[in-house]
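Okay, so here's the structure we're looking at.
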Amino acid sequence: QPAIRPLVAGNWKMFGLRSALAQIERLRALLAANPPGADCAICPPFTLIDAAIKITAGSAIAIGAQDCHSADEGAHTGDIAAPMLADLGVRHVIIGHSERRTDHGEGDSLVMAKACAAHKAGLSAIICVGETLAQRDAGAALDIVIKQLEGSVPAKANAANSIIAYEPVWAIGTGRTPQTDDIAQMHQAIRSYLTNRFEDGGSMRILYGGSVKPKNAGELMSVAHVNGALVGGASLDSGDFNAILDAYR
Ligand code: PEP
3 QPAIRPLVAG NWKMFGLRSA LAQIERLRAL LAANPPGADC AICPPFTLID AAIKITAGSA
63 IAIGAQDCHS ADEGAHTGDI AAPMLADLGV RHVIIGHSER RTDHGEGDSL VMAKACAAHK
123 AGLSAIICVG ETLAQRDAGA ALDIVIKQLE GSVPAKANAA NSIIAYEPVW AIGTGRTPQT
183 DDIAQMHQAI RSYLTNRFED GGSMRILYGG SVKPKNAGEL MSVAHVNGAL VGGASLDSGD
243 FNAILDAYR
């Protein structure tokens, strides 16, 4: 089993005015004082990306985006293309988050097209998958997630350009998390899928996301094949996010 450098990525969702940039400045100082043994990324709203990149220049914090369009450019009012993000210095882009799948009706084929666009622009795609509570209760969680991977992860995915985020929909923003056994089973299934399909699938990072907090991060991050976290609510506060990174100190 190859050693995998974990990634802890913060998803700010649609939160953050310019005043929130102070959190990124603070996080930068916290990480400089006490570096974690994990990569670290913050994905603020589009409006803060340029400023966030300037603040984090030369630091251990990578800046990501929360979505991109599937086309390089075009007549798509209100959308943002992957090359525009790359041009700013963005490193990662979250693709297929459950809130995009729900709010904007994004299905697997669009998610795959967006991931391809991200790859073409040189970005790493954080591709999100996860079952609903009804699907888990029906015993369909593993099948659903593997089907999402099949439909969402491009054929040219590799450990450098793609990161999988397993986020059970019912654990996002709810304060509920799955049993560690259930996380272990899912991450093992995702690992097997990736290893079968991709040459370096054994090295691709598989993040867990869904109500990761300072108090549960140590336990969640110690589960086999959990190679980091995608953190929503708790990433908005630099102190909480830094405390989550303690799992890797
Ligand atoms: C997320 O937005 O991807 C997420 C996991 O949110 P939260 O940590 O708030 O559950």
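In this text, residue positions in the sequence shown follow the UniProt record's numbering: the first is 3, and each later residue adds one. Virtual Cβ for every residue (Gly too), placed ideally from N, Cα, C.
Worksheet item: Can the beta-carbon of residue 29 be found closer than 8 Å to that of residue 244?
Response: yes
Practice prompt. Please name the residue in 9, 36 and 46 whose C-alpha comes closest to that of residue 23.
Written response: With distances taken between Cα atoms, residue 23 lies closest to 46.
Discussion item. Please tell me whether, using a cut-off of 7 Å, the distance from the CB of residue 15 to the nearest non-hydrogen atom of ligand 1 is below it.
Written reply: yes
Practice prompt. Step through the CB atoms of chain C and report whether any lies within less than 8 Å of the CB of residue 70.
Written response: Checking the listed chains, one finds no chain C in this structure; it contains a single protein chain.
Item to complete: Tell me whether residue 236 counts as near ligand 1, meaning its Cβ is closer than 7 Å to at least one heavy atom of that ligand.
Response: yes
Worksheet item: Grouping DSSP H, G and I as helix and E and B as strand, with all else coil, what is residue 131?
Response: strand
Discussion item. Starting from residue 230, trace the beta strand (DSSP E) in both directions and tell me its first and last residue.
Written reply: 230 to 233
Item to complete: Within its chain, find whatever has a CB closer than 8 Å to the CB of residue 43; leave out the 5 residues flanking it on each side and keep chain order.
Response: 9, 10, 11, 12, 63, 64, 65, 66, 93 and 94
Worksheet item: Grouping DSSP H, G and I as helix and E and B as strand, with all else coil, what is residue 157?
Response: coil
Worksheet item: Within 7 Å: the Cβ of residue 233 and any heavy atom of ligand 1?
Response: yes
Worksheet item: With a cut-off of 8 Å, do at least 3 Cβ pairs link the segment 207 to 220 to the segment 138 to 145?
Response: no
Worksheet entry | Span of the alpha helix (DSSP H) around residue 24 | Unbroken alpha helix (DSSP H) run through residue 24: 23 to 35.
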